[in-house]
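K.L.:
The structure follows.
Numbering (UniProt numbering), first residue to last: 1 to 576.
Put into structure tokens, the structure is as follows:
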């Protein structure tokens, strides 16, 4: 049954998800048969060591009966007492059914949560159908060693616009730059380990910290800069995206003409930042920054609140861009001199401040950090800062193209992305296809496991009750001879099956609840769970599955008990 289930799963997965040659399946089948033979031989060998007199006296069950404790009751139901006795005597043989049923309910719960996540992901609306992005190969904290890194060009943008179904191509430029500040406060530095060159080395500082601090001070002296340098990004975006969120600024207002002329800029500067610090098991420290107060306070963590004491509307914002004259990726040389660097300065006015959410909505693909500067493409040129082409392309189609055209567009965009080193290309069409395939494969695997476990559990239940009915023929005949009603005898086995199934259902519900509570410890899961499927659907699905299993067991038990009343009392009592 297991080999057939695996073969069916591989066939339904389109031969691509797993690799299992027929020889491997045959070897697994032979190994399974060997395991079954060995498992069947173990109880037979054990039974062969029992003497005939011991077997007649049923010593095993006598010992189990002596260990069992049943409270005395003045009034009781015969079938209830007999069912409890049978469950105690056959405790080891009965454990498999509730365990498998509990595992089935756990698998069903996981499949429901996975389906909810998949539907939520597939239902998301994406602004861009295709995304092309070039990540910077790295820059030092106060100078950019990758400013000359090749990026996308205007020619690449024109090639994309010439493709069929393309409605628009949004572009973003990013230039690493420095804020020149009298003091870099805790508002911009979540931890002292960031921008460590700003602090005087302590007696316990490593050699590289001292070297970095000395190189930073020497470079500042050569450049004649009196303030401190704090690295941020200047991000150039299309005018339409900036104007779309003009009403969501925190302070000030957006003057698009002033932005284009380079007189004003927008700064990402939330009014208040909340930070949580804690020690990691490795002995280091970690932190989380939020614009909202933390709802749950973790024991042992430190919490601090920082107001915006650095950026104010109508304030001059000195900018100093330092970048290497030659592109040497991952150079990471702190002893760089002014001869190795190009310098460009600007001093715009802060026209408006925005929070993280507004800055993220204005941006294309990448996010923004505290202190980052936003302007237009014309504004970046007017500021005189250097950006070697476009870092991001967002491609939106007018409508969903046919499959053949979509493949042509995908091939053309991949070719454009291949022109630039370390460029990343993403297609929402490919992502959705991959999500659908992954979801389908996982659901098929869960369904296969569910069906396999259910079939095994029902088979175990059927075999156990059938064997018990055959073994209890003399007991059944005796009960009928003393006038026990047939309904009580039939209820004996129904009650045993009901108790086993109820135990498995309760255990499965407990495991599913534990799984749900465990996943709820993660903030992402709490914010997305039951976004597509209703919360009541999970217990309803588990209850429906349990009801189906109960019904299947009832039908099987009814078929086994159908011939029970036909046997004569004398034949049942007679020892063969």
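A virtual CB, placed ideally from N, CA and C, is assigned to each residue, including glycine.
1. In chain order, what residues of the same chain lie with their CB nearer than 7 angstroms to the CB of residue 161, ignoring the 5 residues before and after it?
2. Per DSSP, what are the beta-bridge partners of residue 264 in this structure?
3. Can you tell me which of 246, 152, 114 and 129 puts its alpha carbon nearest to the alpha carbon of residue 357?
4. According to DSSP, simplified to helix, strand and coil, what is residue 549?
5. Could you round the C-beta distance between residue 489 and residue 476 to whole angstroms and report it? I think they count as a contact, below 8 angstroms.
6. Mapping the DSSP letters down to three states, classify residue 459 as helix, strand or coil.
7. Tell me the rounded alpha-carbon separation between residue 272 and residue 261.
8. Grouping DSSP H, G and I as helix and E and B as strand, with all else coil, what is residue 560?
9. Apart from the five residues on each side of it in sequence, which residues of its chain come closer than 6 angstroms, Cβ to Cβ, to residue 587?
10. Could you check the C-alpha separation between residue 558 and residue 427 for me, to the nearest Å?
11. Identify whether residue 422 lies in helix, strand or coil by the three-state DSSP scheme.
12. Grab me the residues of residue 208's own chain with a C-beta within less than 6 angstroms of its C-beta, minus the 5 sequence neighbours each way, in chain order.
13. Would you list the residues sitting across from residue 169 in a DSSP beta bridge?
14. What's the call for residue 464, buried or exposed, on a 16-neighbour Cβ count within 10 Å?
15. Which first and last residues belong to the beta strand (DSSP E) in which residue 233 is found?
16. Starting from residue 285, follow its DSSP beta bridges and name the residues at the other end.
17. Out of 554, 552, 542 and 212, which has the shortest C-alpha to C-alpha gap to residue 103?
18. By DSSP, does residue 317 sit in helix, in strand, or in coil?
19. Can you look up residue 131 in the DSSP assignment and give me helix, strand or coil?
20. Could you give the C-beta distance for residue 141 and residue 195, rounded to a whole number, given that I count them as a contact under 8 angstroms?
21. Starting from residue 305, trace the beta strand (DSSP E) in both directions and tell me its first and last residue.
22. From residue 17 to residue 440, what does the alpha carbon distance come to, in whole angstroms?
23. Below 7 angstroms between beta carbons: does that hold for residue 533 and residue 116?
24. To the nearest angstrom, how far is the alpha carbon of residue 295 from that of residue 527?
25. State the beta-bridge partners of residue 323 as determined by DSSP.
26. Look up residue 216 in the DSSP assignment and say whether it is helix, strand or coil.
27. Would you report the Cα separation of residue 381 and residue 158, rounded to the nearest angstrom?
28. Taking the alpha carbon of residue 579 as the point to measure from, which residue in 300, 114 and 307 has its own alpha carbon closest?
29. Tell me whether residue 575 is buried or exposed, calling it buried when 16 or more other Cβ atoms sit within 10 Å of its Cβ.
30. For residue 175, which beta-bridge partners are listed by DSSP?
P.N.:
In this structure, then:
1. 169
2. 349
3. 246
4. helix
5. 6 angstroms
6. helix
7. 30 angstroms
8. helix
9. The displayed coordinates of the chain run from 1 to 576. Any statement about residue 587 would go beyond what the structure contains.
10. 56 angstroms
11. coil
12. none
13. 395
14. buried
15. 228-237
16. 279
17. 542
18. coil
19. strand
20. 6 angstroms
21. 302-307
22. Because the pLDDT of residue 17 is 49, which lies under 50, any placement of that residue in the model is unreliable, and the number read from its coordinates should be weighed accordingly. Each residue's Cα considered, the two are about 11 angstroms apart.
23. yes
24. 14 angstroms
25. 144 and 342
26. helix
27. 20 angstroms
28. With the chain represented from 1 up to 576, any question about residue 579 goes unanswered, as that position is not in the structure.
29. Because the pLDDT of residue 575 is 44, which lies under 50, any placement of that residue in the model is unreliable, and the number read from its coordinates should be weighed accordingly. It counts as exposed.
30. 234
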